[in-house]
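Numbering (mature numbering (1 follows the signal peptide of the UniProt record, and there is no 0)), first residue to last: -21 to -1, 1 to 102. The beta carbon of each residue, even a glycine, is placed where N, CA and C say it ideally should be. Here the structure is laid out as C-alpha coordinates; the discussion comes afterwards.
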Amino acid sequence: MARLIRIALIVAINVLICILAKDERYSDEYDDVDVKKLLENKELRTQYINCFMETGPCITPQMKFFTEKFSEAFQTRCKKCTERQKEIFAQGIEWIQKNEPETWQLILLKVIEKMKRKAAAQT
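See the structure below:
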(Lines of atoms letter the chains of each structure in order from A and count residues from 1; the text may use other names and numbers.)
(Lines give C-alpha, C1' and ligand atoms only; values in the text may rest on other atoms or scores of the structure.)
Protein backbone atom coordinates (compact mmCIF):
# COMPACT_ATOMS: atom_id res chain seq x y z
CA MET A 1 0.00 0.00 0.00
CA ALA A 2 2.82 2.40 0.89
CA ARG A 3 4.44 1.63 -2.45
CA LEU A 4 1.23 2.48 -4.29
CA ILE A 5 1.02 5.80 -2.44
CA ARG A 6 4.63 6.62 -3.43
CA ILE A 7 3.94 5.84 -7.07
CA ALA A 8 0.78 7.97 -7.02
CA LEU A 9 2.71 10.81 -5.38
CA ILE A 10 5.49 10.62 -7.99
CA VAL A 11 2.95 10.65 -10.82
CA ALA A 12 1.10 13.59 -9.25
CA ILE A 13 4.32 15.58 -8.87
CA ASN A 14 5.32 14.91 -12.48
CA VAL A 15 1.88 15.96 -13.73
CA LEU A 16 2.07 19.14 -11.64
CA ILE A 17 5.53 19.95 -13.00
CA CYS A 18 4.29 19.49 -16.57
CA ILE A 19 1.29 21.72 -15.94
CA LEU A 20 3.31 24.48 -14.28
CA ALA A 21 6.23 24.36 -16.71
CA LYS A 22 5.83 27.02 -19.34
CA ASP A 23 7.38 26.88 -22.75
CA GLU A 24 10.25 29.32 -22.85
CA ARG A 25 9.41 32.06 -25.35
CA TYR A 26 11.15 35.19 -26.52
CA SER A 27 9.73 38.43 -25.19
CA ASP A 28 6.86 39.79 -27.27
CA GLU A 29 7.97 43.36 -26.59
CA TYR A 30 8.83 44.04 -30.25
CA ASP A 31 6.09 42.02 -31.93
CA ASP A 32 4.53 45.20 -33.30
CA VAL A 33 7.37 45.85 -35.76
CA ASP A 34 6.25 46.80 -39.27
CA VAL A 35 8.37 44.38 -41.29
CA LYS A 36 7.23 45.68 -44.66
CA LYS A 37 8.19 49.24 -43.73
CA LEU A 38 11.55 48.08 -42.39
CA LEU A 39 12.39 46.05 -45.49
CA GLU A 40 11.36 48.80 -47.89
CA ASN A 41 13.55 51.36 -46.10
CA LYS A 42 17.03 50.70 -47.49
CA GLU A 43 18.84 52.69 -44.78
CA LEU A 44 17.00 50.97 -41.93
CA ARG A 45 17.32 47.53 -43.57
CA THR A 46 21.06 48.08 -43.99
CA GLN A 47 21.38 49.07 -40.32
CA TYR A 48 19.68 45.83 -39.24
CA ILE A 49 21.88 43.76 -41.54
CA ASN A 50 25.05 45.53 -40.39
CA CYS A 51 24.04 45.01 -36.77
CA PHE A 52 23.53 41.28 -37.37
CA MET A 53 26.73 40.96 -39.39
CA GLU A 54 28.64 42.80 -36.63
CA THR A 55 29.86 45.39 -39.13
CA GLY A 56 27.86 48.24 -37.64
CA PRO A 57 26.28 49.22 -34.33
CA CYS A 58 22.94 47.92 -33.10
CA ILE A 59 21.33 51.34 -32.85
CA THR A 60 18.02 50.44 -31.18
CA PRO A 61 16.99 47.90 -28.53
CA GLN A 62 14.65 46.39 -31.13
CA MET A 63 17.53 45.93 -33.56
CA LYS A 64 19.64 44.32 -30.85
CA PHE A 65 16.76 42.01 -29.83
CA PHE A 66 16.16 40.63 -33.33
CA THR A 67 19.88 40.35 -34.01
CA GLU A 68 20.43 38.37 -30.81
CA LYS A 69 17.52 36.01 -31.52
CA PHE A 70 17.87 35.43 -35.27
CA SER A 71 20.55 32.70 -35.32
CA GLU A 72 18.85 30.63 -32.65
CA ALA A 73 15.42 31.20 -34.16
CA PHE A 74 16.72 30.13 -37.56
CA GLN A 75 18.45 27.05 -36.16
CA THR A 76 15.44 25.93 -34.07
CA ARG A 77 12.82 26.89 -36.67
CA CYS A 78 11.54 29.55 -34.30
CA LYS A 79 10.83 27.15 -31.44
CA LYS A 80 10.82 29.98 -28.88
CA CYS A 81 9.14 32.54 -31.15
CA THR A 82 5.72 34.01 -30.62
CA GLU A 83 3.36 33.58 -33.56
CA ARG A 84 4.06 37.17 -34.61
CA GLN A 85 7.84 36.63 -34.45
CA LYS A 86 7.45 33.61 -36.73
CA GLU A 87 5.72 35.91 -39.23
CA ILE A 88 8.38 38.61 -38.82
CA PHE A 89 11.29 36.23 -39.39
CA ALA A 90 9.54 34.49 -42.30
CA GLN A 91 8.74 37.79 -44.04
CA GLY A 92 12.28 39.06 -43.55
CA ILE A 93 13.92 35.87 -44.79
CA GLU A 94 11.64 35.62 -47.82
CA TRP A 95 12.21 39.25 -48.77
CA ILE A 96 15.99 39.08 -48.47
CA GLN A 97 16.19 35.77 -50.35
CA LYS A 98 14.17 37.26 -53.20
CA ASN A 99 15.57 40.78 -53.33
CA GLU A 100 19.13 40.48 -52.00
CA PRO A 101 20.28 36.87 -52.55
CA GLU A 102 23.96 37.79 -52.08
CA THR A 103 23.17 39.35 -48.72
CA TRP A 104 21.20 36.22 -47.79
CA GLN A 105 24.25 34.07 -48.46
CA LEU A 106 26.36 36.30 -46.21
CA ILE A 107 23.70 36.10 -43.49
CA LEU A 108 23.72 32.29 -43.69
CA LEU A 109 27.50 32.27 -43.28
CA LYS A 110 27.17 34.55 -40.26
CA VAL A 111 24.49 32.28 -38.74
CA ILE A 112 26.85 29.33 -39.09
CA GLU A 113 29.69 31.32 -37.55
CA LYS A 114 27.52 32.39 -34.60
CA MET A 115 26.30 28.82 -34.04
CA LYS A 116 29.90 27.56 -34.01
CA ARG A 117 30.87 30.30 -31.56
CA LYS A 118 27.96 29.39 -29.28
CA ALA A 119 28.81 25.67 -29.43
CA ALA A 120 32.45 26.37 -28.61
CA ALA A 121 31.46 28.54 -25.64
CA GLN A 122 29.28 25.75 -24.25
CA THR A 123 32.09 23.19 -24.30
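Nearest to residue i (by Cα), restricted to the options the options
i	options	result
Val90	Ser50, Tyr27, Glu79, Gln76	Ser50
Residues of its chain near residue i, where Cβ-Cβ distance is below 8 Å and the 5 sequence neighbours each way are ignored
i	result
Thr61	Arg4, Tyr5, Asp7, Asp10
Cys37	Cys30, Lys43, Thr46
Lys93	Ser50
Glu81	none
Distance between residue j and residue i (C-alpha atoms, nearest Å)
i	j	result
Lys65	Ala98	24 Å
Thr34	Ala100	22 Å
Lys77	Gln70	11 Å
Arg96	Lys59	20 Å
Glu22	Lys16	11 Å
Ile28	Ile86	8 Å
residue 119	Ile75	No information on residue 119 is available, as it lies outside the stretch -21 to 102 that the chain covers here.
Lys48	Met32	13 Å
Thr25	Thr102	34 Å
Gln54	Leu18	22 Å
Same chain, Cβ closer than 7 Å to residue i, five either side skipped, listed in chain order
i	result
Val14	Ile67, Gln70, Gly71
Cys57	Gln64, Lys65, Phe68
Val12	Gln41, Ile67
Same chain only: Cβ atoms within 6 Å of residue i, ignoring 5 sequence neighbours per side
i	result
Ala52	Cys60, Phe68
Asn20	none
Whole beta strand (DSSP E) runs in the stretch 2 to 61 with 3 or more residues, listed along the chain? none
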